Amino acid sequence: MTIPRFPALIAARLSTILVCLLLACLPSKPAPEAADAALARGTAPDEGWLRHGRTDDEQRFSPLAEIDETNVASLGLAWSFDLETSHGVESTPLVVGDTMFVTGPWSVVYALDARSGQLRWQYDPRVPRQHALSACCGVVNRGVAAEDGRIFVGTLDGRLVALDAATGTRIWETQTVDPAQPYSITGAPRIVAGLVVIGNGGAEYGVRGYVSAYHADSGALAWRTWTVPGDPAKTFESEAMERAARTWSGRWFELGGGGTVWDSMAYDPDLDLLYVGTGNGGPFPRSLRSPGGGDNLYLSSILALRPATGELVWHFQTTPGDSWDYTATQHIVLADLEIDGRLRKVLMQAPKNGYFWVLDRETGAFVSAAPYVTVNWSKGIDADGRPIADETLDYAQSPKLVYPGPSGGHNWHPMAFHPGTGLVYIPAFDIPMLFEIDDRFVPIPGRLNTALDPSNYVAFDENEKVEIDAFLLAWDPVAQREVWRVPYVTSYNGGVLATDGNLVFQGTADGRFVAYRASDGAKLWEAPAGTGVMAAPITYRIDGVQYVTVAAGWGGSFPLAGGTAALLANVWGGGRVLTYALGAKGEAPKKALPPPLTGHAPIPVSPAPPAALLERGSVLYHDHCLGCHGPKAISGGSIRDLRDASAETLDQFEAIVLGGAREPLGMPSFRDRLGRDEVAAIRAYIASRNRRRDR
Ligand code: CA
């Protein structure tokens, strides 16, 4: 674990956790009248946005239709709220009563008047900035859960916190992970039958995945279900783990294994099944993780759990023996579809591996699958629904260009299902990657342990033979075919909202918020968002007025590490909540960060540093810095471009990188990871990139 910068503060927090453990966090009741009154006021289920995916089936479809295809052109900005951040914004707001609950970076919760955007309260869980080192994909958060006058948020450093919805006062807090391991929480909790369900991330770093449920009233742990087996020499936690262990070999448990539940869940109250998606294997290549092969259950799988106990009822593995970071944590949607003349209760998912899946959600039986983007890792699906891997693209021995790359064909950005059109709207993309095992790889506890050569991320930005295609895809899940698509300039466009006004709303990477006709994809309206949009919009109605809201803000994995490909979006960070209504005339907010290459004259470097130093600096840079500062020091627009580092920044380089001088801004100290000579080499490399505009 890293050395905390504010030991007293951390000690105080740890002692709170210890007290919680000892007392099982006995609830101190919130002021129930105030909270419940605020929550209940005027919220018919169709009017608010009460759950992460609006409803437990996570369709992200709203029956509201005051705004429709005939009048959407008169939509305008009703209000905006500045999140005062340049980090990524991935939050789906909730609207309960007349209050909107939205999260920003560092797991901060904002309660806003949903009519005006006025701040009612703000809760900052004070995530130690050092924890950015354990978050693969930015210090992002995807939202809260709400129930009975309480708001629940998972924090980047692994805590689950319950707040009084009326005041933002903390009711209880519990640590859901071992703080000594590089777990993180970026996903939204879900509420199922009085329990708060939360997973975590960290497969890239070497952790063992699990999902937990806590009693909403007390914060006491109800159950924990592991997704991959631990050391077989010890007792298995369940029969499911014992079965899973037969599909692994070697000493995977020393590396963690992966399979983290970092995002998607859905719930069917009639079947009483909770569905969770599990993540990729760690390290990425199966050959290094489980040298004898095997499916490595339950990586890259959909798990159906009994919500009262966490017991595994069925599983479906979308990528057997994952070697490509093909998580199945992408958005899960439940719907009833007529297939071959009979109504089927199905579960749908477009996971990273490029296949659109339709499963029977009662039994887990395979219904159908088809590639929704370019796929070459697999040659097709067998009769049981098992993908057939193309062995000629196995990269265990030599590098292979594989579609999709580790970003997948679709990432965390939620899709939407419209029961009227019968279509699923997927924020999809084609981004391949050259998979190549880093021959220097040795697992180091707490570090990024993918085992892939990080320099191949440059393929995102400079390999002219590789094109990035990104698009909004309207997909017929019954026929398993594309119906329409809208192309975009680059990847990481926003999540999707569908409404009964025959509309689909989506923000774009290039800074627009757009409405399309749901049936044919015709663009009906757009407005500038002032920054890249990745999160999914919501809609709600108060006093007869329908509003549409999106939390905008460019950042997270692709904007941080996508280099030139992310710069194609031509936007800069600047998180804000944007709310629209018919006839509103608000002014579009301005860009928050200045574009690159402003404000500084080129910095002369003399004498030229030796080539060996620059080479060493480049290797160290791509090992330690790429994840946030981009390949070749090219920022994708979320944080300041290191090629524009000022002379002052370069002068203070060691104080920043080792001393933690910019920790309050989110730049953690690398004092536990890098020595002074290594930092000097990285500094020389970054200085050599000063003002460079080659790719
Ligand atoms: Ca991953």
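Under my numbering, the first residue of the sequence shown carries the number 259, and numbering increases by one thereafter.
For every residue, glycine included, the Cβ atom is placed at its ideal position computed from N, Cα and C.
Note that this is a predicted model, so its numbers are computed, not measured.
Inspect the beta-carbon positions of residue i and residue j and report whether they are closer than 8 Å.
i: Asp580; j: Asn634; result: no
i: Val736; j: Gly680; result: yes
i: His882; j: Leu836; result: no
i: Pro321; j: Gly401; result: no
i: Val785; j: Ala839; result: Before going further, note that residue 785 is Ala rather than Val in the sequence given. In this structure, Ala839 does not lie closer than 8 Å to Ala785 by Cβ.
i: Ile800; j: Asp356; result: yes
i: Gly844; j: Gly407; result: no
i: Val534; j: Met606; result: no
i: Thr432; j: Tyr472; result: yes
According to DSSP, what are the bridge partners of residue i?
i: Thr585; result: None, per the DSSP bridge assignment.
i: Leu322; result: None, per the DSSP bridge assignment.
i: Pro629; result: Tyr613
i: Gly535; result: Ile560
i: Ile684; result: Leu731
i: Tyr381; result: Val367
i: Met523; result: Val534
i: His345; result: Note: His345 sits in no beta bridge, so no partner.
i: Pro745; result: Phe729
i: Ala839; result: Gly334
i: Val700; result: Looking at the DSSP assignment, Val700 forms no beta bridge with any residue, so it has no partner.
i: Thr797; result: Val806
Assign residue i to one of three DSSP states: helix, strand, or coil.
i: Gln388; result: helix
i: Leu573; result: According to the sequence as given, residue 573 is His; it is not Leu. Three-state result, His573: strand.
i: Phe494; result: coil
i: Ile261; result: Residue placement at Ile261 is flagged as unreliable, the pLDDT there being 29, under the threshold of 50; a coordinate-derived value is accordingly withheld.
i: Asp422; result: strand
i: Thr757; result: strand
i: Pro821; result: Inspection of the sequence shows that residue 821 is occupied by Gly rather than by Pro. Correct three-state label for Gly821: helix.
i: Ile726; result: coil
i: Met499; result: helix
i: Pro541; result: coil
i: Ala403; result: strand
i: Lys890; result: helix
i: Arg898; result: coil
i: Ser636; result: strand
i: Trp510; result: helix
i: Ala938; result: helix
i: Asp489; result: coil
i: Glu906; result: helix
i: Pro712; result: helix
i: Tyr472; result: strand
Cα-Cα, which of the options is closest to residue i?
i: Val631; options: Asn611, Gly467, Pro543; result: Asn611
i: Gly514; options: Asp526, Ala524, Thr485, Ser522; result: Thr485
i: Ala787; options: Trp742, Gly765, Ala420, Thr361; result: Gly765
i: Gln588; options: Glu342, Leu826, Ala809, Pro685; result: Pro685
i: Pro868; options: Thr907, Val937, Ser946; result: Ser946
i: Pro437; options: Asn714, Thr413, Pro447; result: Thr413
i: Gly833; options: Leu322, Ser349, Phe319; result: Ser349
i: Gln222; options: Gly663, Ala870, Glu495, Asp696; result: Outside the modelled stretch of the chain, which goes from 259 to 953, sits residue 222, for which no answer is possible.
i: Ser815; options: Arg920, Gly375, Val347; result: Val347
i: Asp768; options: Thr748, Arg384, Glu316, Ala919; result: Thr748
i: Asp899; options: Gly753, Glu921, Val385, Val829; result: Val829
i: Val744; options: Gln738, Gly779, Leu761; result: Gly779
i: Arg941; options: Arg920, Thr907, Pro922; result: Thr907
i: Thr567; options: Ala919, Arg544, Gln575, Val469; result: Val469
i: Gly924; options: Gly895, Thr343, His676, Ser476; result: Thr343
Please list, in chain order, all residues of the same chain as residue i whose beta carbon is under 7 Å from its beta carbon, the five residues on each side excluded.
i: Ala647; result: Trp635, Ser636
i: Pro657; result: Leu692, Phe693, Glu694
i: Asp340; result: Arg834
i: Gly361; result: For clarity, residue 361 is Thr in the given sequence; the question names Gly instead. Within the same chain, Thr361 has close Cβ partners Ser349, Val367, Asn399, Gly401, Val402, Val411.
Between which residues of its own chain and residue i is the CB-CB distance below 6 Å, once the five residues before and five after are set aside?
i: Ala295; result: Note that Ala295 scores 46 on pLDDT, short of 50, meaning its location in the model is unreliable; the coordinates nonetheless yield the value given after this. Answer for Ala295: no residue qualifies.
i: Tyr943; result: Leu872, Gly875, Ser876, Tyr879
i: Ala451; result: Pro565
i: Gly311; result: Arg318
i: Ala461; result: Gly516, Thr518, Gly537, Asn538, Gly540
i: Ser626; result: Val616, Gln738
i: Arg309; result: none
i: Val397; result: His345, Pro363, Trp364, Ala390, Leu414
i: Phe687; result: Ala728, Ser749
i: Asp314; result: Tyr525
i: Asp382; result: Val366
Go through its chain and collect everything with a Cβ distance to residue i's Cβ below 8 Å, but skip five positions before and after it.
i: Val937; result: Phe911, Glu912, Val915, Leu916, Phe928
i: Ser507; result: Ser548, Pro549, Gly550, Gly551, Gly552
i: Glu497; result: none
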